[in-house]
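Let me begin by presenting the structure, written as structure tokens, before commenting on it.
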Amino acid sequence: MRSTRFFVVVVAAVTLAVAAVAQTMDAPTDADAIAPLGPDHKVPHHGRPPQRVSFPKIRDWDSLVITLTRTGCFGACPDYTVSIQGDGSVNYNGLRFVGTTGEQHANIARRDVKALYARFKRANFFWLYGSYHAFVTDLPTYRLSISYDGHEKVVTDYAGRMIGMPQAVAQLEATVDNVARTDKWTKGWKPGQPTP
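The sequence shown: position 160 = 160 (my numbering), numbered continuously.
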């Protein structure tokens with residue numbers, strides 16, 4: 001009888017401990033990070049931290065750098081990084097599964113840079129978690145960042161829409177590509193074409 005009670009107490013303690021660990025895994029660990037979630041879970045608070053974060057006003061446009069990195073996947077996902085600077089400089093580095101590998105440079109109008117910054121501001125980019133990671137495999141990772149005047153925000157998207165990442169993040173990723181016109185470098189890769 002005594003051993004049965006002991007067994008019940010131990011099972012109850014283990015069950016509570018497992019539940020606590022599971023709850024911790026699904027909850028944000030701090031204001032800028034959230035644990036990976038299974039595709040049947042959603043990030044709370046409409047995908048944003050509960051504490052609102054304001055978007056800092058820019059003072060020095062020459063300090064602005066917006067960067068998008070798209071990594072490879074199990075298949076032939078384009079693998080490259082593109083950055084746009086406040087003066088309109090565009091820097092691209094193609095790694096794999098892109099039409100043009102290596103570094104490329106271009107320039108865009110400053111008004112396009114300012115319009116892109118305004119899109120980040122409208123999306124409340126600083127009021128996002130630092131990572132949206134779904135528990136799935138073989139997909140590319142997208143990393144989007146903005147920095148200026150000593151402020152920086154980086155958001156990592158690994159199938160983030162699957163778990164409730166705000167749609168604005170995916171829209172910004174696409175907008176950076178459009179403004180930088182990366183398709184002139186990323187398009188054109190064909191199966192069988194050698195990659196570095």
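Backbone N, C-alpha and C fix where the C-beta goes; we use that ideal spot for every residue, glycine too.
Please name the residue, chosen from Leu64, Pro191, Thr137, Val176, that lies closest to Met162 on a Cα-to-Cα basis. For Met162, the closest of Leu64, Pro191, Thr137, Val176 by C-alpha to C-alpha distance is Thr137.
Judging by CA-CA distance, which residue of Thr182, Ser147, Thr186, Tyr142 is the nearest neighbour of Pro56? Just measuring C-alpha positions, the residue of Thr182, Ser147, Thr186, Tyr142 sitting nearest Pro56 is Ser147.
Does the structure place the region 139-146 close enough to the region 59-77 that three or more beta carbon pairs sit under 8 Å? yes
Identify the continuous beta strand (DSSP E) that holds Leu95 and give its terminal residues. 89-96
Check whether the region 38-46 and the region 149-169 touch, using three or more Cβ-Cβ pairs below 8 Å as the test. A contact exists between the region 38-46 and the region 149-169.
Host alpha helix (DSSP H) of Leu116 (start-end): Secondary structure note for Leu116: its alpha helix (DSSP H) is the uninterrupted segment 110-122.
Could you check if Thr101 belongs to the surroundings of the ligand NAD, using beta carbon to heavy atom distance under 7 Å? Among the components of this structure there are no ligands whatsoever, and the ligand NAD is therefore not found.
How do the region 110-117 and the region 127-135 stand: do at least 3 beta-carbon pairs fall below 8 Å, yes or no? no
Grab me the residues of Trp197's own chain with a C-beta within less than 8 Å of its C-beta, minus the 5 sequence neighbours each way, in chain order. Within the shown structure, residues of the chain are numbered from 1 to 196, placing residue 197 beyond reach of any answer.
Determine the direct distance from the alpha carbon of Tyr117 to that of Gln85, and round the result to whole angstroms. 11 Å
Which first and last residues belong to the beta strand (DSSP E) in which Asp79 is found? 79-85
Could you check the C-alpha separation between Asn178 and Asp40 for me, to the nearest Å? 32 Å
With three or more beta-carbon pairs closer than 8 Å as the criterion, would you say the region 91-99 touches the region 173-190? yes
Buried versus exposed, by CB contacts within 10 Å (16 or more), Asp30: Low local confidence applies: a pLDDT of 44 at Asp30 is under 50, so the model's placement there is unreliable, and no value is given.
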